[in-house]
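A.B. asks:
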Amino acid sequence: MITSNRRLTLEITEGVLISNPDQAQRTINDLRKAGVRFSLDDFGCGYAGIGAMRKFGFDSMKIDRSLVCSQTGTRGKRSQG
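Quick look at the structure:
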């Protein structure tokens with residue numbers, strides 16, 4: 001049982017937002033009033049740019065692994081940690 005909505009963070013992918021952005025914004029706004037936080041998951045694997053995603057005001061953003069890791073060079077290996 002959740003005792004505080006401030007502890008609840010919902011992860012949303014770009015696809016959900018793009019399919020119906022107006023409804024998504026209304027839902028996010030309503031839940032945010034109740035203390036729920038939001039994280040954008042897998043950013044960069046869809047079609048939306050960062051400008052389009054900024055209007056939703058996410059509390060955090062999880063970058064898609066394909067943007068962080070290089071498949072061919074050592075540079076990507078260093079970025080992993």
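With our numbering applied, the sequence shown covers 1 to 81.
Backbone N, C-alpha and C define an ideal beta-carbon position, used for all residues, glycine too.
1. Candidates ASP41, GLY35, LEU8 and GLY57: which alpha carbon is nearest VAL16's?
2. Grab the span of the alpha helix (DSSP H) containing LYS33 for me, first residue to last.
3. Can you list, in chain order, the residues of its chain whose CB lies under 6 Å from that of ASP22, leaving out five sequence neighbours each side?
4. Across which residues does DSSP place MET61 in a beta bridge pair?
5. Give the DSSP-derived three-state secondary structure of LEU17 in the structure shown.
C.D. replies: According to the data block:
1. ASP41
2. 21 to 33
3. none
4. LEU40
5. helix
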